[in-house]
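A short write-up of the structure that comes next.
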Amino acid sequence: MNYGFDFSFVTDFWPSLLEGTWLSIKMSTLSLVLGFLVGVVLAVGKTEGGLFLRSAITAFVDLTRNTPLIVQAFWLFFGLAALQIRVPAFYAAIVALTINTSGYTCEIVRAGMESVHKGQKEAAACLSFNKAQVLRYIVLPQAIEKMYPALVSQFVLMMLASSIMSQISAQELTAVGYQIQSETFRGFEVFIIIAIIYVFLSWLLRVSMSWCYDIAFPRSRNIQKNSQAAPQGGTS
Numbered sequence: 001m002n003y004g005f006d007f008s009f010v011t012d013f014w015p016s017l018l019e020g021t022w023l024s025i026k027m028s029t030l031s032l033v034l035g036f037l038v039g040v041v042l043a044v045g046k047t048e049g050g051l052f053l054r055s056a057i058t059a060f061v062d063l064t065r066n067t068p069l070i071v072q073a074f075w076l077f078f079g080l081a082a083l084q085i086r087v088p089a090f091y092a093a094i095v096a097l098t099i100n101t102s103g104y105t106c107e108i109v110r111a112g113m114e115s116v117h118k119g120q121k122e123a124a125a126c127l128s129f130n131k132a133q134v135l136r137y138i139v140l141p142q143a144i145e146k147m148y149p150a151l152v153s154q155f156v157l158m159m160l161a162s163s164i165m166s167q168i169s170a171q172e173l174t175a176v177g178y179q180i181q182s183e184t185f186r187g188f189e190v191f192i193i194i195a196i197i198y199v200f201l202s203w204l205l206r207v208s209m210s211w212c213y214d215i216a217f218p219r220s221r222n223i224q225k226n227s228q229a230a231p232q233g234g235t236s
């Protein structure tokens, strides 16, 4: 097979690639922040709410986790259009990604909340903490700290899943790649460039989440540093 690679199209289409990358970043950032907030609220409701609320949240989470993201996006974009409700593709994509992210975040945070020993809750109650204060100061910080690696992995997957939103005409990075391919007929080279950009975005998201972890949980960061320095101190 004699195939000659040609990446010269990058010089002509780099503004489109930058625009698609920026749109993917905005879409992912908004969806992950909103999905995280909604997911935490759902986790609290599923853990602390009444029977009806827990059942409703369980049904919502099962629906979001057991249906493909593209189907959810189609429901929102084309389903609302059939009802004469016009929603721009960008906003429909954000809503679809937020709903999907919140379902997974709910289960991750719920698992973290249930891992907190009930003795800590009882001790807080003895100190006259009310239920909201116990959640805010005792349960949620520990739950999110314990489940942070799982949340980061899920957020990276959701960022990569934003590429599916090209199917509802959201002009993000993958959609730009399709457009460039149709004009240059260099599909292999185009999607090599797209893959490299997504690898960079995944790395950038992980670095950003690590930075957020150091700010939100300085105690854990100090413990890790001390544990790494301890063996060196013992051998010197």
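Numbered per the numbering used here, the sequence shown finishes at 236, counting up by one with no gaps. By construction, the Cβ of each residue, glycine as well, lies at the ideal position given by its N, Cα and C atoms. Please read these numbers as outputs of a predicted model, since none were measured by experiment.
CB contact flag (residue i, residue j, <8 Å)
i, j, result
"I180", "S31", "no"
"I57", "L201", "no"
"V116", "Q84", "no"
"S28", "M159", "yes"
"K146", "V134", "no"
"S59", "A73", "According to the sequence provided, residue 59 is Ala. The question's Ser does not apply to it. Their beta carbons are not under 8 Å apart, which means A59 does not touch A73 by this criterion."
"I215", "A89", "no"
"E189", "F5", "yes"
"V156", "L204", "no"
"Q154", "L23", "no"
"G177", "I194", "yes"
"G45", "L53", "yes"
Integer-rounded CB distance, given that residue j should sit under 8 Å from residue i
i, j, result
"L173", "T21", "5 Å"
"G35", "S102", "5 Å"
"A82", "M165", "With a Cβ gap of about 19 Å, A82 and M165 do not count as contacting."
"F77", "V87", "7 Å"
"I99", "T64", "6 Å"
Residues near residue i in its chain [Cβ-Cβ closer than 6 Å; skip 5 each side]
i, result
"K150", "What sits at residue 150 in the sequence shown is Ala, not Lys. Contacts found: I108."
"V139", "M113, V116"
"M209", "V152"
"A175", "S166"
"V40", "V109"
"F217", "E145"
"F13", "I180"
"A161", "L69"
Residues near residue i in its chain [Cβ-Cβ closer than 8 Å; skip 5 each side]
i, result
"I197", "L17, T21, L173"
"Y137", "A124, F129"
"I265", "This structure leaves residue 265 out entirely; the chain is present only between 1 and 236."
"K131", "E48"
"T235", "With a pLDDT of only 48 at T235, under 50, the local geometry of the prediction cannot be trusted, and the value read off the model is given with reservation. Nothing listed; no residue qualifies."
"V10", "L17, I193"
"V61", "L42, K46, G103, C106, E107"
"V199", "none"
Residue i at chain D interface by Cβ criterion, 8 Å
i, result
"T21", "Looking at the structure shown, chain D is missing, and only one protein chain is on hand."
Sequence-distant residues of its chain with Cβ nearer than 7 Å to residue i (five each side left out)
i, result
"A43", "C106, V109, R110, M113"
"N2", "none"
"Y213", "Y148"
"R186", "D6, F9"
"L80", "V87"
"I267", "Any answer about residue 267 is impossible in this case: the structure gives the chain only from 1 up to 236."
"R219", "none"
Residue i CB to nearest heavy atom of the ligand ADP below 7 Å
i, result
"M165", "Annotation note on the ligand ADP: not contained in the displayed structure, which lists no ligands."
Discussion item. Runs of 4 residues minimum, wholly inside the region 19–68: which ones carry the alpha helix (DSSP H) assignment?
Written reply: 51–65
Worksheet item: At what residue ranges does the region 83–132 contain a whole run of the alpha helix (DSSP H), taking only runs of 4 or more?
Response: 89–114, 118–126
Item to complete: Can you check the region 154–198 for any alpha helix (DSSP H) of at least 4 residues that lies completely inside it and give the ranges in chain order?
Response: 173–184
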